[in-house]
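Chains B and W are the protein sequences, given in the same order. Just so we're aligned, residue 1 is where the first sequence starts under full-length UniProt numbering, counting upward by one. Just so we're aligned, residue 1 is where the second sequence starts under full-length UniProt numbering, counting upward by one. Yeah, the Cβ is synthetic: ideal placement off N, Cα and C, and Gly gets one too. Quick notes on the structure that follows.
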Amino acid sequence: MSSSVSLTLSAMFIQDDKYDDALQPAAARCSKFRGYMLGKGAKRKLDEDEEGLEGKALAEGPGAMVDGLSKVSYTLQRQTIFNMSLMKLYNHRALTEPSLEKRVLINNMLRRIQDELKQEGNLRPLFFPPSPPPDDPVDEGFREAQPAFSVLSMVAPPLSQSTALSTPVLTSPSSGLSNPAPLEACLTPASLLEEDSVTLCTSPSPLAPPPPPPPTLPRLPSPVARDSFSSALDEIEELCPSPLPTATSAPGATSHSSLTVTLQMPLCLPSLNSGALDSKDCSKPCSPKLEGLVPLPEESSAAPNAPETLSPNSLDMSTSPSASSSGFLTDLALDDILFADIDTSMYDFDPCTSSSGAAPSKLAPMVTADELLKTLSPYSGAAPAVSSNQPFKMDLTELDHIMEVLVGS
Amino acid sequence: MSVSFGGDEGGVNLTNVVCTSHHTADIISTVEFNHSGELLATGDKGGRVVIFQQETENKSQPQCRSEYNVYSTFQSHEPEFDYLKSLEIEEKINKIRWLPQKNAAQFLLSTNDKTIKLWKISERDKRPEGYNLKEEDGRYRDASTITTLRVPVFRPMDLMVEASPRRVFANAHTYHINSISVNSDNETYLSADDLRINLWHLEITDRSFIQLLCGFNSASDIVDIKPANMEELTEVITAAEFHPHQCNTFVYSSSKGTIRLCDMRASALCDKHSKLFEEPEDPSNRSFFSEIISSISDVKFSHNGRYMMTRDYLSVKIWDLNMENRPVETYQVHEYLRSKLCSLYENDCIFDKFECCWNGNDSVVMTGSYNNFFRMLDRTQRRDVTLEASRESCKPRQVLKPRRVCAGGKRKKDEISVDSLDFNKKILHTAWHPQENIIAVATTNNLYIFQEKVN
Numbered sequence: 001m002s003s004s005v006s007l008t009l010s011a012m013f014i015q016d017d018k019y020d021d022a023l024q025p026a027a028a029r030c031s032k033f034r035g036y037m038l039g040k041g042a043k044r045k046l047d048e049d050e051e052g053l054e055g056k057a058l059a060e061g062p063g064a065m066v067d068g069l070s071k072v073s074y075t076l077q078r079q080t081i082f083n084m085s086l087m088k089l090y091n092h093r094a095l096t097e098p099s100l101e102k103r104v105l106i107n108n109m110l111r112r113i114q115d116e117l118k119q120e121g122n123l124r125p126l127f128f129p130p131s132p133p134p135d136d137p138v139d140e141g142f143r144e145a146q147p148a149f150s151v152l153s154m155v156a157p158p159l160s161q162s163t164a165l166s167t168p169v170l171t172s173p174s175s176g177l178s179n180p181a182p183l184e185a186c187l188t189p190a191s192l193l194e195e196d197s198v199t200l201c202t203s204p205s206p207l208a209p210p211p212p213p214p215p216t217l218p219r220l221p222s223p224v225a226r227d228s229f230s231s232a233l234d235e236i237e238e239l240c241p242s243p244l245p246t247a248t249s250a251p252g253a254t255s256h257s258s259l260t261v262t263l264q265m266p267l268c269l270p271s272l273n274s275g276a277l278d279s280k281d282c283s284k285p286c287s288p289k290l291e292g293l294v295p296l297p298e299e300s301s302a303a304p305n306a307p308e309t310l311s312p313n314s315l316d317m318s319t320s321p322s323a324s325s326s327g328f329l330t331d332l333a334l335d336d337i338l339f340a341d342i343d344t345s346m347y348d349f350d351p352c353t354s355s356s357g358a359a360p361s362k363l364a365p366m367v368t369a370d371e372l373l374k375t376l377s378p379y380s381g382a383a384p385a386v387s388s389n390q391p392f393k394m395d396l397t398e399l400d401h402i403m404e405v406l407v408g409s
Numbered sequence: 001m002s003v004s005f006g007g008d009e010g011g012v013n014l015t016n017v018v019c020t021s022h023h024t025a026d027i028i029s030t031v032e033f034n035h036s037g038e039l040l041a042t043g044d045k046g047g048r049v050v051i052f053q054q055e056t057e058n059k060s061q062p063q064c065r066s067e068y069n070v071y072s073t074f075q076s077h078e079p080e081f082d083y084l085k086s087l088e089i090e091e092k093i094n095k096i097r098w099l100p101q102k103n104a105a106q107f108l109l110s111t112n113d114k115t116i117k118l119w120k121i122s123e124r125d126k127r128p129e130g131y132n133l134k135e136e137d138g139r140y141r142d143a144s145t146i147t148t149l150r151v152p153v154f155r156p157m158d159l160m161v162e163a164s165p166r167r168v169f170a171n172a173h174t175y176h177i178n179s180i181s182v183n184s185d186n187e188t189y190l191s192a193d194d195l196r197i198n199l200w201h202l203e204i205t206d207r208s209f210i211q212l213l214c215g216f217n218s219a220s221d222i223v224d225i226k227p228a229n230m231e232e233l234t235e236v237i238t239a240a241e242f243h244p245h246q247c248n249t250f251v252y253s254s255s256k257g258t259i260r261l262c263d264m265r266a267s268a269l270c271d272k273h274s275k276l277f278e279e280p281e282d283p284s285n286r287s288f289f290s291e292i293i294s295s296i297s298d299v300k301f302s303h304n305g306r307y308m309m310t311r312d313y314l315s316v317k318i319w320d321l322n323m324e325n326r327p328v329e330t331y332q333v334h335e336y337l338r339s340k341l342c343s344l345y346e347n348d349c350i351f352d353k354f355e356c357c358w359n360g361n362d363s364v365v366m367t368g369s370y371n372n373f374f375r376m377l378d379r380t381q382r383r384d385v386t387l388e389a390s391r392e393s394c395k396p397r398q399v400l401k402p403r404r405v406c407a408g409g410k411r412k413k414d415e416i417s418v419d420s421l422d423f424n425k426k427i428l429h430t431a432w433h434p435q436e437n438i439i440a441v442a443t444t445n446n447l448y449i450f451q452e453k454v455n
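Take a look at the structure:
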């Protein structure tokens, strides 16, 4: 139900609070520290961790099994780098074409981190200590994050299984929205809640038992939750005009429509969902955080090369590994929404009424509705800003619909 | 010629360093001596080229003090607009390469992201006087007033240096040009962007001679501009250079720390390299940023053609062309930055492209760093020194003081701590005179020319 959805979300936002210091908009931090290592003597808290982290990470090696504390530091650093990389790729506002080498390197970084996350998601049960009760909210937040991670960022080896599970939802895009089955599948599986007594925001709502995990992996939290989420995204994708990637002469001037569409859904999430979230303390931090727009590629050339061949169906993570990069972007979208701590104080989210051409100068990582429209139009080959309002409005209607489904109203 | 090392602390003792510095209006983006060292060209972010000429106090004494003064200034490239992508094309000069001098005029190639131009720089210090049919100011004389004939003669005039574009090589690069290199045959040159290398004939501009399909994409069609599958792009070309003596050989480096040596005799399509130079990663140094810091920002052959030098973010490596599996020498430029990579990633400094250069007899190499520091690494004596290019170092009779960076722990006197380094002051471009002990070091807006004077 709605509380379970908020369960998952709130888990991430508790983690997010912990990272408040570290995860200020990279743009703000960059400008503050540009040119100087640590702001002329004022040490940031995270920086010490970073140094320690790097030392630890170097000592242990990125993939090694480490004790709890190093693992936490390592994961913290990895997450920071992940967010930074996303900001770098999607925040580019240069008048000239950004460097292809830089984009490729950042893209590689993101892929590597994502691969690590996937592996860890698969191995998570082996790593996690048997759930001691949470000592303080910080720990709780962190442990909660872990299952959330694995739920969301899993690319299962059991691809066939998850494909099979998600297929029924996929095949009926129009009618699937009212199908309650994906709703329950969105819920954090009970098995997950049971094995970690770290109850995710302690919502005791009865959850449908997940489908049995595939035999190849022990106690794998259901990939169904992930797939139904992505399948919901697929439905949105199908509703929105998502032209096929066109061959253009520029490396970055690609269609990232799917990416745009993916991100649209979460955009509407807060405004429609804030009332529905009934998970207590989580609702407040949830909605403002989600209100923040996920940075979109504003110029076509700012998009990484990875999404170029994204197609609607490839948003589903359970498709072949060769599409992992496109699935990777779905993950990006979700992780980015949920983990990025974006300053939304200046931003009043209302895509329909935001003034066109609203100066984004204060919202450096933000994307206005206009930019959304701009990013939409190149794919259909139409001139920018021509008849781009309509697809957007249509999206909102459909998104409303989907939100109802997810929220379970 | 070598930098003399000595002194109590083992530092460099450059006596009587002569320094001239020139302030430029725009950020310097490239520095290059010509083949004789008499001319020094700089390109800047505004598309201008400024050429300095060496003037020696007393030409008969070779080791005398010399100065570099402005010889010519011209606008090489203008900003353009790519209407297809709605993006500006920067006029910033990425590289300048001189052609060997064949006659009185000098020729150089300058390039921005998209277009390469061949410039002729010629002097005029005489002009004809005494025409029969024209007055000195150019007005025609009335033929009926001419009673005698005379032969026009050349008379000296104030030196005028003219730069004129002779060739424009355009529309051949989809991506940003990062390197140009003149072949030893003096007829062809290569230009490299992120994914392709083009071979040009200096006389032919409407098409590149051969488009060498080097690179990391899977496109098989040489005419195809865009790689087949951009989604799988994980590696790009970062630099390329012709061998100084073998006109069929060139190398190109990649963002993954590899260098490929290609022989054009083997195949016109140099997608199969002759040699692949790569050092296995040191597992103890592995981090999130391993790939980024392994990206090679510059590759330079030694003058004798037996070695090549590569610069990645933290180190300089010397490779023997006959040994592919590891470099013969590795020098740390600023190892103290290794623990700061995350912050450097955040402020984008980790993507800075440092260049490197050899001295005339390949015994010393030089490269830049942050805080206006530059490093000289003596290969024969296995010594190195860090120097600073600043106003203070340019005072008359000022001996360049070696600098030290304190990586951690207790900071000694005269040391600078890593946290105090100014990462906005970076020296990306350096050049060494091909014969003499003269170096050119470019800070953001200033060009410093240091000369070691041997009395």
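Minimum Cβ-Cβ distance from residue i to chain W less than 8 Å
i	result
I402/B	no
V104/B	yes
Any C-beta of chain B under 8 Å from that of residue i
i	result
E335/W	no
E346/W	yes
R196/W	no
S218/W	Confidence is the limiting factor: at S218/W the pLDDT is only 37, short of 50, which leaves the residue's position unreliable, though a coordinate-based value still follows. With 8 Å as the cut-off, S218/W does not count as an interface residue toward chain B.
V328/W	no
D221/W	Low per-residue confidence applies at D221/W: pLDDT is 29, beneath 50, and the placement is therefore not dependable, though the value from the model is reported in the following sentence. No, because no Cβ of chain B sits closer than 8 Å to the Cβ of D221/W.
G257/W	no
V365/W	no
L428/W	no
V168/W	no
K85/W	yes
E278/W	no
C356/W	no
T238/W	yes
S253/W	no
F154/W	no
C247/W	no
F373/W	no
S295/W	yes
Beta-ladder partner(s) of residue i, from DSSP
i	result
R48/W	Q75/W
I438/W	Q451/W
residue 460/W	In the structure as shown, chain W starts at 1 and stops at 455, and residue 460/W therefore has no counterpart that could be examined.
K426/W	Y370/W
R404/W	E415/W
A192/W	S179/W, I197/W
S164/W	K120/W
G43/W	T30/W, V49/W
D384/W	L377/W
Beta-carbon neighbours of residue i, restricted to chain B and to distances below 8 Å
i	result
H176/W	E97, S99, L100
E90/W	T96
Whether residue i touches residue j by CB criterion (8 Å)
i	j	result
I96/W	V49/W	yes
V31/W	A407/W	no
residue 457/W	V316/W	Residue 457/W lies beyond the stretch modelled for chain W, which goes from 1 to 455, so this question has no answer here.
F169/W	T115/W	yes
residue 486/W	R127/W	With chain W covering only 1 through 455, there is no way to say anything about residue 486/W.
S255/W	E404/B	no
Cross-chain neighbours of residue i in chain W, by beta carbon under 7 Å
i	result
N108/B	T234, E291
Interface residues of chain B facing residue i [CB-CB closer than 7 Å]
i	result
F351/W	K102
Interface partners of residue i on chain W, CB under 9 Å
i	result
Q77/B	F288, C342
Residue-level contact to chain C via CB, residue i, 8 Å cutoff
i	result
A192/W	No chain C appears in the structure shown, which is made up of the protein chains B and W.
Ranges of the beta strand (DSSP E) found wholly within the stretch 88–146 of chain W, counting only runs of at least 3: 95–98, 106–111, 116–129
Runs of beta strand (DSSP E) lying entirely within the stretch 289–334 of chain W, each at least 3 residues, in chain order: 298–301, 307–311, 315–320, 329–332
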